[in-house]
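>
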Amino acid sequence: MSKINPMDLPLNWRIVRFEEVATFTKKPKGLRYSEYNEVPFVPMNLIPIATLFSKEFIRKPSNTLSSGTYFEPGDILLAKITPSFENGKQCIIQELPTPFGIATTEVIPIREVEGVSDKFYLFFYLLLPDVRALLTAKMKGTTGRLRLGAEVLADLEIPLPPLAEQHRIVVKLEVLFTQLDAAVDSLKKAQVQLHRYRQSILKAAFEGELTKEWRDAYSDSWKSMNLNEFITLESGSRPKGGVRGILEGIPSLGGEHLNADGGFNFKKIKYIPEAYFESLNKGIIYPNDIIVVKDGATTGKTSFVDSHFPHKYAAINEHLFIVRVDPKVAFPKYVFYYLFSSKGQQQILSDFRGATVGGISRNFPLKVTVPIPSLPEQEQIVFELERHLSVADEIETTLDAELKRAERLRQSILKQAFSGKLVPQDPNDEQASVLLEKIRKKKEPQQHKQKKKTTKVKTTPSAKQLSLDLGFQTVKLDE
115 MSKINPMDLP LNWRIVRFEE VATFTKKPKG LRYSEYNEVP FVPMNLIPIA TLFSKEFIRK
175 PSNTLSSGTY FEPGDILLAK ITPSFENGKQ CIIQELPTPF GIATTEVIPI REVEGVSDKF
235 YLFFYLLLPD VRALLTAKMK GTTGRLRLGA EVLADLEIPL PPLAEQHRIV VKLEVLFTQL
295 DAAVDSLKKA QVQLHRYRQS ILKAAFEGEL TKEWRDAYSD SWKSMNLNEF ITLESGSRPK
355 GGVRGILEGI PSLGGEHLNA DGGFNFKKIK YIPEAYFESL NKGIIYPNDI IVVKDGATTG
415 KTSFVDSHFP HKYAAINEHL FIVRVDPKVA FPKYVFYYLF SSKGQQQILS DFRGATVGGI
475 SRNFPLKVTV PIPSLPEQEQ IVFELERHLS VADEIETTLD AELKRAERLR QSILKQAFSG
535 KLVPQDPNDE QASVLLEKIR KKKEPQQHKQ KKKTTKVKTT PSAKQLSLDL GFQTVKLDE
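To convert a position in the sequence shown, counted from 1, into this note's numbering, add 114.
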């Protein structure tokens, strides 16, 4: 985000630094947590994403609090560490059983300046994507532990309208976002229902309901077979060191490349050299292969190498299994759809062993029993399944597009709000420049006192203290 152009704002707005319209809450001197038996504590996992109000906290005995960030009811709790900050984690907790709360050390508690800024105006401004991008670029720390410094936030430019207009903007935003949230909630509920519909179609397929009329006409019959009876199983192999960074060659797939819909995601594909690939004697996939994740968080996830697979062949790493079906017994895609169904997934995961990062063994096919009709009926089942699922896919595409459109609309509304285009201006509003003059007058006695104290002890103020003193005096006014 570039610097705000005053020419893009209404005449009675001003551009100021964030610390001139907000304060960062600090623990009062002399406060002892031991005076309270329990203290409300807010860990990072209880701070929601872009949610105005939250009531979530846990109660901690005061003698167990070794660290934390002091905050008061009504403060904005802004996550400052990656990826929580980039994800938009922030909320306001207004009700606490004590006069204060303790949050994770990875938040910045923010409060409005009474008579100058509206807390909710500040809250919504911090959700602007351009603002987040600007602050993200200035985070410091090691990879994966980047943090937003309070001094960076204090220096952030913010457009300041009259206080009455801030209130009008907030009211309008709340009305529009309430309507938008209701629409988004409906879309997400439709996605859940669509998932249930897909599973019900899969269930009906393998109970013979989709092809009942066809089967009656051909007098076909079904039998149950153990998966292990008509497949071969192969494991992937670990790529040799130093091959993950190359930009071309043979694609090497891992669990992260398997999509939830049974397809593949090639956006972050890794490659192995042709020479290394030629030396492999296992882990090479071809059309009609079924891929199953063997361990990790996505254990059991299944994909199918069909005619749309964009490569002639590929390799898989050691976290995946290849299932190859005997075509004399079953159509590979028929078996894939069964393993992809909730019943198939349940049977695969019955072999799960280990803790959170556990997985399934080479014996998992022994736990899977597949209903097997004749090959012609299997072909008919696949046809009916794909006919129904293609309709679901079209609806899913529409829902995804509407959710993305809703998010774009949300950002457009925010952009209009902070450029003075969301609500009309009122010439009777007290101008922002008047508000800022009040702030300066309130701070002048404190600033004079600090200067006098510095002269008396004949010391030079530190660079940090100097920046604090000057920071509250510097206001950019554009006539």
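We put the CB at the ideal spot given by N, CA and C, even for glycine.
Please classify Phe380 as buried or exposed, where buried requires at least 16 other C-beta atoms within 10 Å of its C-beta.
With fewer than 16 other Cβ atoms within 10 Å, it is exposed.
> If you draw a straight line from the alpha carbon of Gly356 to that of Val439, how long is it in whole angstroms?
In this predicted model, Gly356 has a pLDDT of only 46, less than 50, meaning its place in the structure is not dependable; the value taken from the coordinates is given anyway. Their backbone Cα atoms lie some 34 Å apart in a straight line.
> Give the DSSP bridge partners of Gln204, in chain order.
Per DSSP, Leu192.
> What's the call for Gln525, buried or exposed, on a 16-neighbour Cβ count within 10 Å?
With fewer than 16 Cβ atoms within 10 Å of its Cβ, Gln525 is classed as exposed.
> Starting from Val449, follow the beta strand (DSSP E) in both directions and report where the run begins and ends.
Not the beta strand (DSSP E): Val449 falls in the alpha helix (DSSP H), residues 446 to 454.
> Which one of Val284, Ile272, Thr139, Gly258 has the shortest CA to CA distance from Ala217?
Among Val284, Ile272, Thr139, Gly258, the Cα nearest to that of Ala217 belongs to Thr139.
> So, with DSSP's three-state summary, where would you put Ile398?
Residue state, collapsed to three classes: strand.
> Compute the beta-carbon to beta-carbon distance between Val135 and Ser198, rounded to the nearest angstrom, for a pair I have assumed lies under 8 Å.
No, Val135 and Ser198 are not in contact; Cβ-Cβ is about 24 Å, not under 8 Å.
> My assumption, with CB atoms under 8 Å, is that Phe168 sits in contact with Glu152. Please give the rounded CB distance.
Inspection of the sequence shows that residue 168 is occupied by Ser rather than by Phe. With a Cβ gap of about 19 Å, Ser168 and Glu152 do not count as contacting.
> Are there three or more Cβ pairs, one per stretch, closer than 8 Å when the segment 118 to 129 is compared with the segment 531 to 539?
Yes, they touch.
> Among Lys233, Asp244, Leu308, Phe445, which has the Cα closest to the Cα of Arg282?
It is Lys233.
> Is it buried or exposed, Phe497, if we count other Cβ atoms within 10 angstroms and call 16 or more buried?
Flag for Phe497 reads exposed.
> Taking just the CA atoms, how far does Ala374 sit from Leu503?
Spanning the two alpha carbons is a distance of roughly 14 Å.
> CB Ile161 to CB Lys194, shorter than 7 Å?
No; because the gap between Cβ atoms is not below 7 Å, this pair is not in contact.
> Compare the beta carbon distance of Leu274 and Ala546 with 7 Å and say whether it is the shorter of the two.
Taking 7 Å as the Cβ cut-off, Leu274 and Ala546 qualify as a contacting pair.
> Return yes when the Cβ of Ile163 is within less than 7 Å of the Cβ of Leu192, no when it is not.
Not in contact: Leu192 and Ile163 (Cβ atoms no closer than 7 Å).
> In the DSSP assignment, what are the bridge partners of Ala278?
Note: Ala278 sits in no beta bridge, so no partner.
> Hey, could you find the ends of the alpha helix (DSSP H) Phe497 is sitting in?
Residues 489 to 531.
> In the DSSP output, what is Glu226 paired with across the bridge?
Answer by DSSP bridge pairing, in chain order: Ala136.
> I'd like the span of the alpha helix (DSSP H) that includes Ala331, first residue to last.
Segment 326 to 332, the alpha helix (DSSP H) holding Ala331.
> So the beta strand (DSSP E) Lys337 belongs to, where does it begin and stop?
Its beta strand (DSSP E) spans residues 337 to 340.
> Just checking Phe344 against the ligand GTP - is the residue's beta carbon closer than 6 Å to any of the ligand's heavy atoms?
This structure lacks the ligand GTP, and indeed carries no ligand of any kind.
> Starting from Glu265 and walking both ways along the alpha helix (DSSP H), at which residues does that stretch end?
Start and end: 264 to 268.
> Is DSSP giving Arg128 helix, strand or coil here?
Here Arg128 sits in strand by DSSP.
> In whole angstroms, what separates the C-alpha of Gln494 from that of Pro485?
Looking at the two C-alpha atoms, the distance is approximately 14 Å.
> For the beta strand (DSSP E) holding Val245, just list the boundary residues, first then last.
Per DSSP, Val245 belongs to no beta strand (DSSP E); it is in the alpha helix (DSSP H), 243 to 251.
> Does the segment 433 to 449 come into contact with the segment 405 to 424, if we say contact requires no fewer than three beta-carbon pairs (one atom in each stretch) closer than 8 Å?
The segment 433 to 449, when compared against the segment 405 to 424, does touch it at the 8 Å Cβ threshold.
> Please report the distance separating the alpha-carbon of Lys384 from that of Val156.
If I take the Cα positions, the gap works out to 40 Å.
> Please list, in chain order, all residues of the same chain as Val284 whose beta carbon is under 6 Å from its beta carbon, the five residues on each side excluded.
Excluding sequence neighbours, Val284 sits near Asp232, Phe234, Tyr235.
> Taking the straight line between their C-alpha atoms, what separation do you get for Ala251 and Leu463?
Each residue's alpha carbon lies about 42 Å from the other.
> Could you pull out every residue in the same chain whose Cβ sits closer than 6 Å to the Cβ of Gln461, ignoring the five residues on either side in sequence?
The answer, listed in chain order, is Lys481, Val482.
> Report yes if the C-beta distance between Gly473 and Ala429 is below 7 Å; otherwise report no.
Contact: no.
> Who are the Cβ neighbours of Asn119 in its own chain at under 6 Å, not counting the five residues just before and after it?
Hits under 6 Å: none found.
> Determine the closest residue to Met158 out of Thr219, Glu149, Glu200, Arg131, with distance taken between C-alpha atoms.
It is Thr219.
> If we count the other Cβ atoms within 10 Å of its Cβ and call it buried at 16 or more, is His425 buried or exposed?
His425 is exposed by the Cβ-count criterion.
> If the criterion is Cβ atoms closer than 7 Å, does the pair Phe454 and Gly376 meet it?
The answer is yes: Cβ separation under 7 Å.
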